[in-house]
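Participant: Position one of the sequence shown corresponds to residue 10 (the working numbering), numbered consecutively onward.
Note that the Cβ used here is the ideal one computed from N, Cα and C, for glycine as well.
As the structure is a computational prediction, the values presented were derived from the model and not from experiment.
Sharing a structure here in structure tokens format.
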Amino acid sequence: MEKETRRISLPGVTGAVLCMAFIPIILINLVLIASSYINPGELPGVLGIKPAVVMSGSMEPVIETGDMIFIRSTDPGTLKEGDVICYLLSGKAITHRIVGVTTGEDGQPRYITRGDANNAEDRMPVTSEQVQGIWNGGRIPGLGHKIMAIQTPMGMVLTIICPLLLYIIIDIWLRRRADRQQMMQAVMEKARLEAEIKAMKQQLESGSGTPGDEGKTTRS
């Protein structure tokens, strides 16, 4: 018994790969955008994880400029000296290490912070309301530079529009080539069937002989 096989086309495989790659990215971006609108005073995040791009070298060599780091939401009351935290100052995210913990006039903790590469502590103590989370070492070196480049008009053209147009062009070319191959196969199949039918007719005609010849004998 012959098994039916299905041909897997390259456009279908390529489309599936692109969908698997882009759909999670799109969904995460939508969640981040929605989170930034819902909580404008906080870093946007997904499931308690907040991505941030490092724009300075104040934490080198632990964190390099251009790294993408991941901040985890935490209870500010559990923070201690030595923890690396991310906090907001005038809308700007800063990731520095806690070098001391004091108590403010309101009885709430204040965190004295400093960048590992800096010689002086940050000018103002950090309040619990400013804390966005703790950094536990999660980072992707250099990814921040790439993300910032993608966000420029030229970066969007080179990384999104051009690949999409290239995929569309290749998909159209492959589909047309497949259609031509199917047409050629159909023509060849038709020619083969016609040849078989013609051969069968010739075989029948040669085997039946001339009508009325049966039963005749030759007299000498």
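I'd like the span of the beta strand (DSSP E) that includes M77, first residue to last.
Facilitator: Element bounds for M77: M77 to R81.
Participant: What residue range does the beta strand (DSSP E) around R148 cover?
Facilitator: Start and end: V140 to I149.
Participant: Taking 8 Å as the cut-off, does the stretch 104 to 120 touch the stretch 187 to 194 (at least 3 CB pairs, one atom from each stretch)?
Facilitator: Counting Cβ pairs under 8 Å, fewer than three are found: no touch.
Participant: Could you tell me if S229 is buried or exposed, where buried requires 16 or more neighbouring beta carbons within 10 angstroms of its beta carbon?
Facilitator: Because S229 carries a pLDDT of 46, less than 50, the predicted location of this residue cannot be relied on, and the following value inherits that uncertainty. Result: exposed.
Participant: Do you know offhand how far V135's Cα is from L174's?
Facilitator: Near 48 Å, if we compare the C-alpha coordinates of L174 and V135.
Participant: Which residues in the same chain as M157 place their Cβ atom closer than 6 Å to its Cβ, once the five residues preceding and following it in sequence are excluded?
Facilitator: For M157, where only same-chain residues beyond five positions count, there are no Cβ hits under 6 Å.
Participant: Helix or strand or just coil, what does DSSP make of G50?
Facilitator: DSSP places G50 in coil when its eight states are reduced to three.
Participant: Which of helix, strand or coil does DSSP assign to S215?
Facilitator: S215 falls in the helix class under three-state DSSP.
Participant: Would you mind sorting P162 into buried or exposed? The rule is 16 or more other CB atoms within 10 Å of its CB.
Facilitator: It counts as exposed.
Participant: Should W182 go down as buried or exposed, given a rule of 16 or more other Cβ atoms within 10 Å for buried?
Facilitator: W182 is exposed by the Cβ-count criterion.
Participant: Give me the Cα-Cα distance between K199 and H154, rounded to the nearest whole angstrom.
Facilitator: Approximately 59 Å between the Cα atoms of the pair.
Participant: Starting from G109 and walking both ways along the beta strand (DSSP E), at which residues does that stretch end?
Facilitator: That run of the beta strand (DSSP E) goes K101 to T112.
Participant: Are M64 and G124 touching if we call contact CB-CB under 8 Å?
Facilitator: No, Cβ-Cβ distance for M64 and G124 is not below 8 Å.
Participant: Going by DSSP in three states, P118 sits in which element: helix, strand or coil?
Facilitator: Strand, per DSSP.
Participant: With C-beta atoms as the reference, is G86 less than 8 Å away from T74?
Facilitator: It is not a contact, given that the beta carbons lie outside the stated cut-off.
Participant: Let me know if D76 comes out buried or exposed under the rule of 16 or more other beta-carbons within 10 Å of its beta-carbon.
Facilitator: Result: buried.
Participant: Exposed or buried, what is C95 when buried is set at 16 or more other beta-carbons lying within 10 Å of its beta-carbon?
Facilitator: Its Cβ being crowded by 16 or more others within 10 Å, C95 is buried.
Participant: Using C-beta distances below 6 Å, list every residue in its chain close to Q211, excluding the 5 sequence neighbours before and after it, in chain order.
Facilitator: Nothing listed; no residue qualifies.
Participant: Determine the DSSP secondary structure at A61, reduced to helix, strand or coil.
Facilitator: Correct three-state label for A61: strand.
Participant: Out of curiosity, what's the CA-to-CA distance linking M10 and L213?
Facilitator: For M10, the predicted model reports a pLDDT of 45, less than 50, meaning its position is unreliable; a value from the coordinates is still stated below. Spanning the two alpha carbons is a distance of roughly 31 Å.
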